[in-house]
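Engineer: The structure that follows is given in the form of structure tokens.
Numbering (UniProt numbering), first residue to last: 1 to 711.
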């Protein structure tokens with residue numbers, strides 16, 4: 001799609017003098033009348049709007065990369081040129097960039113999933129040429145309606161294209177946002193003489209060379225030092241799961257200002273934030289599960305220092321701008337030095353001193369790294385099934401229909417479709433997907449290269465956590481900074497750990513354990529059968545599960561890697577044994593809290609038949625029945641045929657359970673509430689199917705109880 005600059009008023013080429021005036025004005029508006037532009041900022045803007053070239057800027061967080069395109073935009077628009085199109089990966093980043101542009105005197109707006117109601121007015125303003133700078137996500141560029149009705153008009157009047165977080169353009173980094181590959185393949189290659197600016201704070205030499213090559217031979221690369229003089233880095237090794245929680249609580253009582261505590265999972269944000277609040281520390285959780293409006297409220301509260309800490313996943317990362325952010329603490333290590341540098345770079349941008357502390361989790365970090373490392377690498381067999389299904393269908397297929405037809409789980413399926421679309425094998429049409437007919441071949445070399453790169457990065461993080469030399473210099477070398485030098489401030493250089501060091505107060509550890517063990521894990525019942533139905537013949541299940549067939553909200557002792565229970569649950573993995581006394585006593589506490597919300601006391605305990613852990617499940621049911629003085633029913637449910645598959649789509653799992661699980665013929669089904677005991681809940685379909693079968697056989701409400709809920 002070739003395009004070039006189309007001015008709506010006569011265009012006068014930007015000169016050195018007009019660029020200097022625009023640069024001074026932008027910087028004065030952003031940083032005050034005494035501020036002056038950095039020479040490299042002006043050099044990059046000059047390459048873009050005076051020379052008409054492409055530029056790659058690799059500079060540390062807080063250096064002022066956005067000022068480059070604001071200068072270029074101001075100069076271009078003053079000369080009668082077209083608007084600037086900024087491709088940006090995160091909503092928080094877009095909000096900050098819009099606000100920064102407005103402060104700089106540049107009319108800016110955005111189109112993203114968080115402001116759908118504003119789209120008509122923004123698109124109308126674009127038509128009237130009342131927008132100088134527009135921010136878009138890479139996914140928005142791939143949206144069929146946008147690509148068809150909005151993008152062509154934008155490209156006819158664009159004067160500058162900016163790709164933020166440009167390391168995602170690289171074949172080494174695209175898995176963060178697969179649509180960046182589409183951006184490189186379809187958009188940048190067809191821009192003609194339109195200048196392009198790519199910016200990032202996190203690119204080693206390999207990624208820098210790759211991105212520059214994609215931009216073209218004449219690309220100007222501006223790369224600066226990555227060392228941050230305001231940051232004091234530290235690693236506190238050797239802490240257990242509960243000790244890390246206690247360390248954070250103790251440290252936050254002494255650290256000045258407000259900051260971010262990063263965790264690796266969504267569940268960890270809720271657990272740790274809840275514990276900190278119980279310790280009298282103002283903390284709030286932040287993750288991808290928050291609605292856009294709630295994310296914005298949390299970000300604003302942190303900016304205004306209304307909370308001491310936001311406990312966040314990487315969802316709060318690139319683009320969050322708080323110049324006085326005083327600390328960043330990591331509970332568990334990110335999988336790569338790129339991710340870690342980017343996150344600690346949130347701190348100390350506008351203050352003289354900030355602290356960044358890593359609390360590595362040697363017992364769990366590698367397993368979590370492996371999960372994220374493989375999550376975006378497609379399975380060739382799954383891809384073949386999906387493409388065969390699309391090739392055989394004359395009409396577009398929805399994601400639920402594909403899930404039911406192929407057995408590929410929803411999350412994996414959506415990621416796979418996105419990658420296949422980027423590679424040109426499928427296209428989105430309305431709410432469905434269709435095959436392009438071009439086919440697709442699994443690129444062994446490409447994905448093997450990614451696996452090796454991720455393994456190398458994980459090894460770097462292990463060595464960083466082990467304190468192999470100055471921490472700042474270590475990160476600089478990992479990112480190929482040309483001049484790494486010892487910082488003289490970090491915990492390795494000084495030999496000093498931030499308080500409380502490794503001597504965590506025991507009372508904090510006990511409080512963390514008691515806090516987590518006192519939190520209820522609620523098992524929300526499924527209310528719909530899988531799209532496309534489950535089972536066949538008269539027993540087929542489709543649509544909404546009748547309320548009279550649903551399970552009640554249940555309880556689990558622990559969820560995922562719960563620090564309070566991880567050591568107690570670990571011995572149960574891969575073996576079958578009697579319920580340990582510690583876990584039995586804990587189940588009694590769960591039941592004690594739970595019973596206040598029961599409509600009626602259970603009439604008996606029903607055990608789910610288990611092929612893998614019959615001794616554990618049976619002894620758990622027996623213990624609960626004995627303590628509760630309830631009848632124990634071990635043969636009400638029975639299994640027939642082969643065990644149902646686990647790592648499959650919901651429809652396949654539910655259908656298999658309906659085929660293999662049943663109420664024993666001739667069994668007397670109690671008509672009162674039933675406590676349904678199992679060892680673990682993953683998808684929730686075992687409890688859902690068991691509850692439906694029992695309710696339809698005449699039982700009262702079914703209350704699931706398990707030891708462990710796994711995501």
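In this text, a Cβ means the ideal position worked out from N, Cα and C, and glycines have one as well.
Since residue 298 contacts residue 310 with CB under 8 Å, what's their CB separation in whole angstroms?
Structural biologist: Here residue 298 refers to the residue found at position 298 when the chain shown is read from its first residue. Here residue 310 refers to the residue found at position 310 when the chain shown is read from its first residue. The Cβ separation is near 6 Å, so the contact holds.
Engineer: When the Cα atoms are used, what is the spatial distance from residue 94 to residue 135?
Structural biologist: Locating residue 94 in the chain shown gives position 94, counting from the first residue. Locating residue 135 in the chain shown gives position 135, counting from the first residue. Each residue's alpha carbon lies about 6 Å from the other.
Engineer: Report the residue ranges of all alpha helix (DSSP H) runs contained in full by the stretch 608-662; include only those spanning at least 4 residues, in chain order.
Structural biologist: 614-628, 650-660
Engineer: Using 8 Å as the threshold, is the stretch 410-421 in touch with the stretch 373-382, meaning 3 or more CB pairs across them?
Structural biologist: yes
Engineer: Alpha carbon to alpha carbon, what distance is there between residue 202 and residue 559?
Structural biologist: Along the chain shown, one-based indexing puts residue 559 at 559. Along the chain shown, one-based indexing puts residue 202 at 202. Whole-angstrom Cα-Cα distance: 34 Å.
Engineer: Buried or exposed, going by whether 16 or more other CB atoms sit within 10 Å of the CB of residue 162?
Structural biologist: Within the chain shown, numbered from 1, the residue matching residue 162 stands at position 162. It counts as buried.
Engineer: Check for me: the beta strand (DSSP E) holding residue 259 runs from which residue to which?
Structural biologist: Numbered from 1 along the chain shown, position 259 holds the residue referred to as residue 259. Taken as a continuous stretch (DSSP letters only), the beta strand (DSSP E) holding residue 259 covers 259-263.
Engineer: Count the other C-beta atoms from every protein chain shown that fall within 10 angstroms of the C-beta of residue 709, then say buried if there are 16 or more, exposed otherwise.
Structural biologist: The residue labelled residue 709 in the question sits at position 709 within the chain shown. Under this definition residue 709 is a buried residue.
Engineer: So what's residue 384 in DSSP terms, helix, strand or just coil?
Structural biologist: As a working note, residue 384 is residue 384 in the chain shown. Helix.
Engineer: Between which two residues does the beta strand (DSSP E) carrying residue 396 extend?
Structural biologist: Here the question's residue 396 lines up with position 396 in the chain shown. That residue, residue 396, is in no beta strand (DSSP E); it is neither H nor E in DSSP.
Engineer: In the DSSP assignment, find the unbroken beta strand (DSSP E) run with residue 433 in it and report its ends.
Structural biologist: As a first step, residue 433 must be located in the chain shown, where it is residue number 433. Counting along the chain, the beta strand (DSSP E) containing residue 433 begins and ends at 432-435.
Engineer: Enumerated in chain order, which unbroken segments of the alpha helix (DSSP H) with a length of 4 residues or greater are wholly contained in the stretch 475-554?
Structural biologist: 491-494, 506-517
Engineer: How about residue 569 and residue 590: do their beta carbons lie closer than 8 Å?
Structural biologist: As a position in the chain shown, residue 569 is number 569, starting the count at 1. As a position in the chain shown, residue 590 is number 590, starting the count at 1. No, Cβ-Cβ distance for residue 569 and residue 590 is not below 8 Å.
Engineer: According to DSSP, what are the bridge partners of residue 76?
Structural biologist: Position 76 of the chain shown, counted from the start, is the residue given in the question as residue 76. Answer is none; residue 76 lacks a bridge partner.
Engineer: Just tell me which of 478, 406, 424, 361 has its CA closest to the CA of residue 338.
Structural biologist: Counting from one through the chain shown, the residue named residue 338 turns up at place 338. For the residues 478, 406, 424, 361, the minimum Cα distance to residue 338 belongs to 478.
Engineer: Under the three-state reduction of DSSP, which class applies to residue 167: helix, strand or coil?
Structural biologist: Within the chain shown, residue 167 is the residue found at index 167, counting from 1. The answer is helix: DSSP assigns residue 167 an H, G or I state.
Engineer: Please name the residue or residues paired with residue 41 in a DSSP beta bridge.
Structural biologist: Residue 41 sits at position 41 when you count from the first residue of the chain shown. Answer is none; residue 41 lacks a bridge partner.
Engineer: Indicate whether residue 323 and residue 346 have their beta-carbon atoms separated by less than 8 Å.
Structural biologist: Here residue 323 corresponds to residue number 323 of the chain shown, with the count starting at 1. Here residue 346 corresponds to residue number 346 of the chain shown, with the count starting at 1. No, they are not a contact pair.
Engineer: Answer with yes or no whether the minimum CB distance from residue 379 to chain B is below 8 Å.
Structural biologist: Although the question refers to chain B, the structure presented lacks it and comprises just one protein chain.
Engineer: Nearest-angstrom Cα distance between residue 174 and residue 113?
Structural biologist: By one-based count along the chain shown, residue 174 stands at place 174. By one-based count along the chain shown, residue 113 stands at place 113. In this predicted model, residue 174 has a pLDDT of only 46, less than 50, meaning its place in the structure is not dependable; the value taken from the coordinates is given anyway. Taking the straight line joining both Cα atoms gives about 21 Å.
Engineer: Pull up the CB-CB distance for residue 657 and residue 642, whole angstroms please, since I reckon it's below 8 Å.
Structural biologist: The sequence position of residue 657 within the chain shown is 657, counting from 1. The sequence position of residue 642 within the chain shown is 642, counting from 1. With a contact defined as Cβ atoms closer than 8 Å, residue 657 and residue 642 miss out at about 12 Å.
Engineer: If you draw a straight line from the C-alpha of residue 474 to the C-alpha of residue 97, how long is it?
Structural biologist: As a position in the chain shown, residue 474 is number 474, starting the count at 1. As a position in the chain shown, residue 97 is number 97, starting the count at 1. So the alpha carbons of these two residues sit roughly 30 Å apart.
Engineer: Measuring CA to CA, which of 353, 582, 64 is closest to residue 489?
Structural biologist: Here residue 489 is taken as the residue at index 489 of the chain shown, counted from 1. Among 353, 582, 64, the Cα nearest to that of residue 489 is on 353.
Engineer: Could you check where the beta strand (DSSP E) with residue 24 kicks off and where it finishes?
Structural biologist: Reading the chain shown from its first residue, position 24 is the one you call residue 24. Counting along the chain, residue 24 falls outside any beta strand (DSSP E), though it belongs to the alpha helix (DSSP H) covering 16-31.
Engineer: Which residues does DSSP list as the beta-bridge partners of residue 327?
Structural biologist: Within the chain shown, residue 327 is the residue found at index 327, counting from 1. DSSP, once it has assigned bridges, lists 259, 355 as partnering residue 327.
Engineer: Determine the extent of the alpha helix (DSSP H) in which residue 371 is found, giving its start and end residues.
Structural biologist: Looking up residue 371 in the chain shown gives position 371. Note, residue 371: alpha helix (DSSP H), 365-375.
Engineer: So what's residue 717 in DSSP terms, helix, strand or just coil?
Structural biologist: No information on residue 717 is available, as it lies outside the stretch 1 to 711 that the chain covers here.
Engineer: Give me the Cα-Cα distance between residue 470 and residue 368, rounded to the nearest whole angstrom.
Structural biologist: As a first step, residue 470 must be located in the chain shown, where it is residue number 470. As a first step, residue 368 must be located in the chain shown, where it is residue number 368. Between the C-alpha atoms of residue 470 and residue 368 there is a straight-line separation of about 26 Å.
Engineer: Under 8 Å Cβ to Cβ from residue 582, same chain only, skipping five residues before and after it: list those, please.
Structural biologist: Taking the first residue of the chain shown as position 1, residue 582 is located at position 582. Closer than 8 Å at the Cβ level, and outside the excluded window around residue 582, lie 568.
Engineer: With distances taken between CB atoms, is the gap from residue 357 to residue 236 smaller than 8 Å?
Structural biologist: What you label residue 357 is simply residue 357 of the chain shown in a count that begins at 1. What you label residue 236 is simply residue 236 of the chain shown in a count that begins at 1. Cβ atoms of residue 357 and residue 236: closer than 8 Å.
Engineer: What span of residues does the alpha helix (DSSP H) with residue 214 cover, start to end?
Structural biologist: Start at 1 with the first residue of the chain shown, and residue 214 comes out as number 214. Element bounds for residue 214: 205-215.
Engineer: Suppose the cutoff is 8 Å on Cβ atoms and the five residues either side in sequence are ignored; what does the same chain contact list for residue 694 look like?
Structural biologist: Numbered from its first residue, the chain shown carries residue 694 at position 694. Cβ within range, chain order: 606, 636, 637, 663, 669, 674, 676, 702.
Engineer: Would you tell me roughly how many angstroms separate the C-alpha atoms of residue 691 and residue 61, rounded to the nearest one?
Structural biologist: Counting from 1 along the chain shown, the entry for residue 691 is found at position 691. Counting from 1 along the chain shown, the entry for residue 61 is found at position 61. Across the structure, residue 691 and residue 61 are spaced so that their CA atoms are roughly 53 Å apart.
Engineer: Within the continuous alpha helix (DSSP H) that includes residue 459, where are the two ends?
Structural biologist: The count along the chain shown starts at 1 and reaches residue 459 at position 459. Per DSSP, residue 459 belongs to the alpha helix (DSSP H) from 444-465.
Engineer: Who are the Cβ neighbours of residue 140 in its own chain at under 7 Å, not counting the five residues just before and after it?
Structural biologist: By 1-based counting over the chain shown, the position of residue 140 is 140. Beyond the five residues adjoining it in sequence on each side, residue 140 comes within less than 7 Å, by CB distance, of 111, 112, 146 in the same chain, given in chain order.
Engineer: Assign residue 308 to buried or exposed, taking buried as 16 or more other Cβ atoms, counted over all protein chains shown, within 10 Å of its Cβ.
Structural biologist: Taking the chain shown and counting its residues from 1, one reaches residue 308 at position 308. The residue is buried, with at least 16 neighbouring Cβ atoms inside 10 Å.
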